[in-house]
Each structure stands twice: as C-alpha cells, then as structure tokens.
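Engineer:
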Amino acid sequence: MRGLRIANGELRGRTLMRTFVATSDDIEVKDGKLVAPLDQQSARHRTCLLADLCAELNRLRTKFPGSNLLLQFRVSGLDVSRTR
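Residue numbers (numbering that gives the first Met the number 0): 0 to 83.
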C-alpha cells in the first residue's frame, strides 16, 4: 500500500485506525453496495492516509458478512478511486 508506513510504529497506526472509525458518517445501502463514508480528518496528511486506505480496501471487493452487499469505503467529499 503506497505511503502507508506510519511513523512511531504499530501503536500509532492503531490509534489512527480508531480515529478513522470514530469519525464515520451514516452507512447507506446503494446499488448493491454497503457504503461506509468516513469524515475528512483534521490534518491533510491524515485525510490522504485515510483515502489511500479506503482505496486499498475497496480494491479487495469484500462482501459484507451474511449478505451480497459489497463493502465500499469513502472519505466524505473525496473520490478515493483516484488517490493522489
């Protein structure tokens, strides 16, 4: 995953992941997808990291367990299909 090395190691990465999930918006079902929008972060570099993570997760094309819904993550206000 391009640019996803996080300074200060694994603990810092876990803290960022908790922050990302805590800033989620309303989940919606649309066109056979379960769309999980996440809010932009307070710092631009964190928003870019989140967008890269969303793009990578979307490339996996994971189905929501127990359904045929494709999980799709996005950062509100950004197109994560084309990151930097």
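Even glycine gets a Cβ: it sits at the ideal position worked out from N, Cα and C.
What distance in whole Å lies between the Cβ atoms of L68 and L37, which are believed to be in contact at a cut-off of 8 Å?
Structural biologist: At roughly 17 Å, the Cβ-Cβ gap does not stay under 8 Å, so L37 and L68 are not in contact.
Engineer: Terminal residues of the continuous beta strand (DSSP E) containing A35?
Structural biologist: Per DSSP, A35 belongs to the beta strand (DSSP E) from 32 to 37.
Engineer: Secondary structure at L77, three-state DSSP: helix, strand or coil?
Structural biologist: Note: L77 maps to coil in three-state DSSP.
Engineer: Look at the alpha carbon of D25 and the alpha carbon of R13, and state the distance between them as a whole number of angstroms.
Structural biologist: Taking the straight line joining both Cα atoms gives about 23 Å.
Engineer: Give the DSSP-derived three-state secondary structure of L59 in the structure shown.
Structural biologist: Coil at L59, not helix or strand.
Engineer: From the DSSP output, in three-state form, read off L49 for me.
Structural biologist: In the structure shown, L49 sits in a helix (DSSP, three-state: H, G or I).
Engineer: Which one or two residues does DSSP pair with Q40 in a beta bridge?
Structural biologist: Answer by DSSP bridge pairing: none, since Q40 is not bridged.
Engineer: Mark R1 as exposed unless 16 or more other C-beta atoms lie within 10 angstroms of its C-beta, in which case mark it buried.
Structural biologist: In this prediction, R1 has a pLDDT of 48, which is less than 50 and means its spatial position is unreliable; nothing more can be read from the coordinates.
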